[in-house]
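Numbering (the numbering used here), first residue to last: 981 to 1312.
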């Protein structure tokens, strides 16, 4: 017969004590737990600025301000009212306070053009509208005569650049600029250096009719270069493969873009300003005279730039037959 093991009296007593301790722990609330100094966190006092901002946001004034901000950003299509108020305050603060060694008229011209420049930077309106408003302000306040305000519109060089901008819009919209680039790259794009010289030639030709380096680079050549590098050569800075050919071609394009801008009078709007300054001192420079003087310097730069960039930032890919094939397909 198996022996029956009977627990001792001490065992039962110890078991009951453990059960009692467990029940007391389970029924103990957080208030009954001991609190140590490390567990006590002092609440930082709320700043008075936070309290006031919360009160203002919850008030009717704050709600009206939020509605006005939403209307200003999403519904109102006119002038940026806060920036307009800022510019008006600047005019009112400086208009009548002129230095003692300057005539009031000179100081007022300075204030007017300071506000026009700030308007071009802060853009309460588009830049063209800001300039027209500034010219109107100068006319209304009589700091400039009507002949002085409208003298720029009668300048032949300015209208030459305006005409070039119209032609540039046609180049970009019709895709003619891209087609010219594809035709050039089709014949020069079999090697990395040939591709670089092809982009230089594209910039040189496009600068004749597009007086904006941004329009040539970002509007025409960048949409050609980007897919060519990423899809054709797998050169992508996001993947760490920009040294294959991307760094070389992009740096070459930057040099070609800036160098070709000085070759032609219509290569950049600033060239017209230089021609106007020369005309003011009695030196008249036309389109042909500018090209005769500046194009040789630009051509020399465009010849040596790819070689210098090739030595400083040598690409890993030296031959580019896929670029030629891509341009042949796009030029059809």
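Glycine residues also receive a C-beta, built at the ideal position from the N, C-alpha and C atoms.
Are residue 1104 and residue 1067 close, meaning C-beta to C-beta below 9 Å?
yes
State yes or no: is the C-beta of residue 1114 within less than 9 Å of the C-beta of residue 1095?
yes
DSSP state of residue 1171, grouped into three classes?
strand
For residue 1290 and residue 1173, believed in contact at Cβ under 8 Å, the rounded distance
6 Å between Cβ atoms; contact.
Per DSSP, residue 1299 is paired with what?
1171
Enumerate in chain order the residues of its own chain whose CB-to-CB distance from residue 1147 is below 8 Å, with the five nearest sequence positions on each side excluded.
1189, 1190
Touching by the beta-carbon criterion (3+ pairs, under 8 Å), the region 1237–1245 and the region 1275–1284
yes
Which listed residue (1117, 1170, 1176) has its alpha carbon closest to that of residue 1229:
1176
Beta-carbon proximity of residue 1164 to residue 1185, cut-off 9 Å:
yes
Report yes if the CB atom of residue 1091 is closer than 9 Å to the CB atom of residue 1071, and no otherwise.
For residue 1091 and residue 1071, yes; Cβs fall inside 9 Å.
Please report the residue range of the alpha helix (DSSP H) in which residue 931 lies.
Nothing about residue 931 can be reported from this structure: the residues present for the chain run from 981 to 1312 only.
Using alpha carbons as the reference points, say which of 1059, 1251, 1152 lies closest to residue 1270.
Among 1059, 1251, 1152, the Cα nearest to that of residue 1270 belongs to 1251.
Quick check: the region 1254–1267 against the region 1297–1310, are there 3 or more CB pairs under 8 Å?
no
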